[in-house]
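One structure below.
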Amino acid sequence: MGNNKVAVLSVSAIVLVAVVATVAVTVSNRYSQPEKTEFSTSNKNIKDFCRPTDYQATCESSLSEVADNTTDPKELVNLAFQVTIDHIKKAFDHSTVLSEAAKDSRTSDALENCRELLDYAIDDLKSSIDRLDGFSLTKLDKFLDDLKVWISATITYQETCLDGFENTTTDAAESMRKALNSSAELTSNILAIVINFDSALDSLNLGFNRKLLSEEYPSWISPGKRRLLQQSPAELKPNVTVAKDGSGDVKTIGEAVLRVPTKSNDTFVIYIKEGVYEEQVQVNRSLANVMMIGDGTSKTKITGKLNYIDGTATFKTATVAIVGDGFIGKDLWIENSAGAAKHQAVALRVQSDKSVFYNVRMDGYQDTLYVHTKRQFYRECTISGTIDFIFGDSPSVFQNCLILARKPLDNQQNIVTAQGRKDRRQASAIILHNCTISADPAYFRPEEAAHLPWPAMEGVLEDLRAAVAAGRPDRPQGMASLVRRLRPQLLLLHRARQPRPRRRHEPEGEMEGGEGHRLRPRAEVHRGAFHPGQRVAAEDRRAVHSRPPADD
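Per the UniProt record's numbering, the sequence shown runs over residues 1 to 552.
So, in structure tokens, the structure goes:
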């Protein structure tokens, strides 16, 4: 099919069925013997449909129960989504029962968070089903990207639910893990099927434009939003003005958020005048296309101090939480002032799809910025912290940002990023593009300890992979990864500590010095001289190679 023909087509149910069926046959040919490629029975069809998944037995048994001898590939896709939703609903109901019996406060909070997170998961899967029946064939690749992002988020929500049971004293954690086991496998299977469909579609060479482009902004940021980012509050004509001194429409940000219409396609602008706003702010899922603009990163400050040590689950410690899609934040200062001794204390949590943050300052210590799920873009922002201070499982891009390591506790080291992927197919990555990583100017080395290494960048120089997309020990899949249209770039590192030999307990791994991309042992790199602004890239034997592709 040529490009001109594709350009004038839109997907009807009949065309979609034809495409899915063609791809299904192609997939079947990959995995089956030639004489077994025809769909002769429903069971055979289901086996072929489930073959690309990691949990084939779960896929086959769940679909066999509801398929009613169907051989329609599109119907199988719909059923796969619906069966997964049903299993998550069962886990949701299970969390309600457990919550009624929970005596431990942390367990009760964890179960409450589970209900919220599983509700997000169900909503994203329902949105995926709603989109299956109508979209332009010329935008099929973008639709598949959407599906991969939304399904990946569903996996993350289930995992975040289980994370909340850390340090609880009841058996609720194990009970919820068992309740979520089937839904986790089914969600993973859906993602595998969509990705396999995407690969098969590429192999059919239908003429879709899949070229990777190097752009100043991600392609999903519309021209309209780009114009908004260049305008001042006066030019934007805000819908609501927040002023603590009473000179605006309301005195608190929370009051302004209550005025946002639900599920609106129009941008709703909230102008927050200079001042310190001590409040927890949440833009809920139903509040789309909200823009918050302040008077600057030293003037408009939103601050809170919720933290894990004082009894709040990490997921709920955020000073500002953004859930509604299409959010824009500009010229703001967001802080969690709890301090290093309070451990996990989030300044900003984001799960808003296609959200943009421009010239926003985020200050905290452990877990400052929670890039939880879905597509996010940060430009000319400042993020400071100590441990995992950029963490989460979203496909997020940081461009021209300043990342500052602050002084941790005596028994801690700085780790810049922690990418939390669970499933190897998830569309998630933390991409740092032309960013500067340095030490907070307030983090200095005492004169009496001048002979000791300056540990501000310990985590980065120990294994520079952490600066790009670190995997946690309990997240074996959480390593560097790329999604379409995102390309890794070299980082700008400021040398923030003295070189030293590798400790005996450190892994040998390899790093890559900037000049000539010559691989050298990590210890040798530590002994080398890093000058401010020198470009450095790195790789770990377990990680995907992070060197950018050669120029075309």
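Think of the CB as a built atom: it goes at the ideal place given N, C-alpha and C, for glycine as much as any other residue.
| query | Taking Cβ to Cβ, would you say residue 169 is nearer than 8 Å to residue 104? | reply | The residue given as residue 169 occupies position 169 in the sequence shown. The residue given as residue 104 occupies position 104 in the sequence shown. Yes, these two residues count as a Cβ contact at 8 Å.
| query | To which residues of the same chain is residue 400 closer than 8 Å at the C-beta, ignoring the five residues directly before and after it? | reply | Within the sequence shown, residue 400 is the residue found at index 400, counting from 1. Closer than 8 Å at Cβ, skipping near neighbours: 379, 380, 433, 434, 435.
| query | Should residue 309 be labelled buried (16 or more other beta-carbon atoms within 10 Å of its own) or exposed? | reply | Residue mapping note: residue 309 aligns to position 309 of the sequence shown, counting from 1. Its Cβ having fewer than 16 others within 10 Å, residue 309 is exposed.
| Beta carbon of residue 390 nearer than 8 Å to that of residue 360 | Residue mapping note: residue 390 aligns to position 390 of the sequence shown, counting from 1. Residue mapping note: residue 360 aligns to position 360 of the sequence shown, counting from 1. The answer is no: Cβ separation not under 8 Å.
| Nearest residue (CA-CA) to residue 339, options 365, 333, 332, 317 | Here residue 339 is taken as the residue at index 339 of the sequence shown, counted from 1. The candidate whose alpha carbon is nearest that of residue 339 is 365.
| task | Hey, could you find the ends of the beta strand (DSSP E) residue 278 is sitting in? | result | Within the sequence shown, the letter at position 278 stands for residue 278. Per DSSP, residue 278 belongs to the beta strand (DSSP E) from 275 to 278.
| task | Check whether the Cβ atoms of residue 362 and residue 403 lie closer than 8 Å to each other. | result | Within the sequence shown, the letter at position 362 stands for residue 362. Within the sequence shown, the letter at position 403 stands for residue 403. Going by C-beta atoms, residue 362 is not nearer than 8 Å to residue 403.
| Is there contact between the stretch 215 to 226 and the stretch 352 to 359, where contact requires at least three CB pairs shorter than 8 Å? | yes
| Helix, strand or coil at residue 515 according to DSSP, with G and I counted as helix | By 1-based counting over the sequence shown, the position of residue 515 is 515. The predicted position of residue 515 is uncertain, since its pLDDT is 36 and thus under 50; no value can be drawn from it.
| said: Please tell me whether residue 91 and residue 180 are closer than 8 Å, where the distance is taken between their beta carbons. | reply: Taking the first residue of the sequence shown as 1, we reach residue 91 at position 91. Taking the first residue of the sequence shown as 1, we reach residue 180 at position 180. Going by C-beta atoms, residue 91 is nearer than 8 Å to residue 180.
| query | What is the C-beta distance between residue 284 and residue 266, in whole angstroms, given that I count them as a contact (C-beta under 8 Å)? | reply | The residue given as residue 284 occupies position 284 in the sequence shown. The residue given as residue 266 occupies position 266 in the sequence shown. Going by Cβ atoms, the distance from residue 284 to residue 266 rounds to 17 Å, so no, they are not a contact pair.
| query | Once you ignore the five residues that flank residue 62 on each side, which residues in its own chain have a CB closer than 7 Å to its CB? | reply | Numbered from its first residue, the sequence shown carries residue 62 at position 62. Excluding residues within five positions, the ones whose Cβ falls inside 7 Å are 83, 186.
| Ordered along the chain, which non-local residues of its own chain (more than five positions away) have a Cβ less than 6 Å from that of residue 114? | In the sequence shown, the residue the question calls residue 114 occupies position 114. Only 95, 161 meet the Cβ criterion.
| Got a sec, what are the start and stop residues for the beta strand (DSSP E) residue 236 sits in? | Against the sequence shown, residue 236 aligns to sequence position 236. First-last for residue 236: 233 to 236, but that is the alpha helix (DSSP H), not the beta strand (DSSP E).
| request: Would you mind stating whether residue 60 and residue 47 have Cβ atoms separated by less than 8 Å? | output: Locating residue 60 in the sequence shown gives position 60, counting from the first residue. Locating residue 47 in the sequence shown gives position 47, counting from the first residue. Contact: yes.
| Proximity to residue 384 [Cα-Cα], best of 345, 224, 108, 151 | What you label residue 384 is simply residue 384 of the sequence shown in a count that begins at 1. Considering only alpha carbons, the answer is 345.
| Since residue 303 contacts residue 337 with CB under 8 Å, what's their CB separation in whole angstroms? | Translated into the one-based positions of the sequence shown, residue 303 becomes position 303. Translated into the one-based positions of the sequence shown, residue 337 becomes position 337. Going by Cβ atoms, the distance from residue 303 to residue 337 rounds to 6 Å, so yes, they are a contact pair.
| Close Cβ partners of residue 111 (< 7 Å) along its chain, the five nearest in sequence each way excluded | Reading the sequence shown from its first residue, position 111 is the one you call residue 111. Hits under 7 Å: 95, 98, 99, 102, 172.
| request: Evaluate residue 227 with the Cβ neighbour count: other Cβ atoms within 10 Å of its Cβ, from every protein chain shown; 16 or more gives buried, anything less gives exposed. | output: Looking up residue 227 in the sequence shown gives position 227. Exposed, since its Cβ has fewer than 16 Cβ neighbours within 10 Å.
| field | Length of the line joining the Cα atoms of residue 326 and residue 55 | value | As a position in the sequence shown, residue 326 is number 326, starting the count at 1. As a position in the sequence shown, residue 55 is number 55, starting the count at 1. Rounded to whole angstroms, residue 326 to residue 55 spans 34 Å at the Cα level.
| field | CB of residue 292 within 8 Å of CB of residue 332, strictly | value | On the sequence shown, position 292 is the one that residue 292 refers to. On the sequence shown, position 332 is the one that residue 332 refers to. In this structure, residue 332 lies closer than 8 Å to residue 292 by Cβ.
| said: I'd like to check one pair, residue 148 with residue 193: are the Cβ atoms closer than 8 Å? | reply: Residue mapping note: residue 193 aligns to position 193 of the sequence shown, counting from 1. Residue mapping note: residue 148 aligns to position 148 of the sequence shown, counting from 1. Result no, Cβ atoms of residue 193 and residue 148 do not sit closer than 8 Å.
| request: Could you tell me if residue 408 is buried or exposed, where buried requires 16 or more neighbouring beta carbons within 10 angstroms of its beta carbon? | output: To locate residue 408, count along the sequence shown from 1; it is residue 408. So residue 408 counts as buried.
| query | In this structure, does DSSP put residue 412 in helix, strand or coil? | reply | Within the sequence shown, the letter at position 412 stands for residue 412. Here residue 412 sits in coil by DSSP.
| message | Restricting to Cα atoms, I'd like to know which of 264, 301, 412, 287 is closest to residue 278. | response | For the purposes of this step, residue 278 is taken as residue 278 along the sequence shown, with counting starting at 1. Among 264, 301, 412, 287, the Cα nearest to that of residue 278 belongs to 301.
| task | Just the C-alpha distance for residue 139 and residue 261, rounded to the nearest angstrom, thanks. | result | For the purposes of this step, residue 139 is taken as the residue at position 139 of the sequence shown. For the purposes of this step, residue 261 is taken as the residue at position 261 of the sequence shown. C-alpha separation (whole angstroms): 29 Å.
| request: Kindly indicate the opening and closing residues of the beta strand (DSSP E) around residue 361. | output: Here residue 361 refers to the residue found at position 361 of the sequence shown. Element bounds for residue 361: 355 to 363.
| query | Under a three-way DSSP split, which group does residue 79 fall into? | reply | Reading the sequence shown from its first residue, position 79 is the one you call residue 79. Here residue 79 sits in helix by DSSP.
| On the three-state DSSP scale, how would you describe residue 335? | For this step, residue 335 is matched to residue 335 along the sequence shown. Correct three-state label for residue 335: strand.
| Where does residue 89 fall in DSSP's three states? | Numbered from 1 along the sequence shown, position 89 holds the residue referred to as residue 89. Of the three classes helix, strand and coil, the one that applies to residue 89 here is helix, per DSSP.
| said: I'd like to know whether the C-beta atoms of residue 81 and residue 129 end up nearer to each other than 8 Å. | reply: In the sequence shown, counting from the first residue as 1, residue 81 sits at position 81. In the sequence shown, counting from the first residue as 1, residue 129 sits at position 129. Going by C-beta atoms, residue 81 is nearer than 8 Å to residue 129.
| Identity of the residues DSSP links to residue 349 by a beta bridge | Sequence index remark: in the sequence shown, residue 349 carries index 349 (1-based). Its beta-bridge partners are 321, 370.
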